[in-house]
Amino acid sequence: MGINEIKAIYEDYLETAKKLEEQRKPTDGLFGMGKKPADDPCHEKFADDLEKALDEMAAEDISAQEAAQVLGYIYDMPVRNGEYQSIYWMLVAVHGLTEKLIDKLTAEDAAKLKKSYGANFKRWERLPAQQKVYAALSHKK
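Quick note: to get the working numbering, add 35 to the position in the sequence shown (first position is 1).
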């Protein structure tokens, strides 16, 4: 398991989720009628697939460099894919799944990720899962 597998999970998800958003009708979900793109099972599948991949990576003896590369990619995805709210918030929500890889980082890599994470996600905007990630990056020694 590595960065290529993580990228493939994201690419599959983004392709499906963006297609759903583009096919969306203005009245979908209005007054409880129709199907909202946010209700599609692709979001749950994405989170499940990513969690499985990250669990496998955490169990493997991956290098600190590989862990930093994967985490940097995951943390950057909401910033690069913010045009649709349902996709953006899902990409943010899965940050909570990454805590197990933070232990694999060097203190230097954790500090770099913390700096970019803090710049991309302001303290007052962070979800609880993001606050845990930021705290874990802050306490990595």
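We treat Cβ as the ideally placed atom computed from N, Cα and C, and that holds for glycine.
Distance, residue j Cα to residue i Cα
{"i": "V114", "j": "E86", "result": "20 angstroms"}
{"i": "E160", "j": "D138", "result": "25 angstroms"}
{"i": "A102", "j": "L140", "result": "6 angstroms"}
{"i": "E50", "j": "L106", "result": "21 angstroms"}
{"i": "K53", "j": "Q120", "result": "11 angstroms"}
{"i": "N167", "j": "E57", "result": "Before going further, note that residue 167 is Lys rather than Asn in the sequence given. Going from the Cα of K167 to the Cα of E57 covers about 33 angstroms."}
{"i": "A82", "j": "D75", "result": "13 angstroms"}
{"i": "L13", "j": "L55", "result": "Shown here, the chain extends from 36 to 176; a query on residue 13 therefore has no answer."}
{"i": "D96", "j": "D144", "result": "17 angstroms"}
Option in the options with minimal Cα separation from residue i
{"i": "Y123", "options": "Y48, I38 and Q100", "result": "Y48"}
{"i": "H174", "options": "N116, E134, M92 and F81", "result": "E134"}
{"i": "I38", "options": "K150, S98, H78 and D83", "result": "S98"}
{"i": "C77", "options": "L148, A93, Q100 and Y45", "result": "Y45"}
{"i": "L89", "options": "K149, R158, H130 and A170", "result": "H130"}
{"i": "A43", "options": "A93, M112 and D96", "result": "M112"}
{"i": "A128", "options": "I41, K80 and A164", "result": "A164"}
Beta-carbon gap between residue i and residue j smaller than 8 angstroms
{"i": "N116", "j": "L132", "result": "no"}
{"i": "M36", "j": "E91", "result": "yes"}
{"i": "Y110", "j": "L162", "result": "no"}
Query raised in the report: Which parts of the stretch 139-170 are runs of the alpha helix (DSSP H), unbroken and 4 residues or longer, counting only runs that do not cross its ends?
Result: Whole alpha helix (DSSP H) segments, 4+ residues: 142-155.
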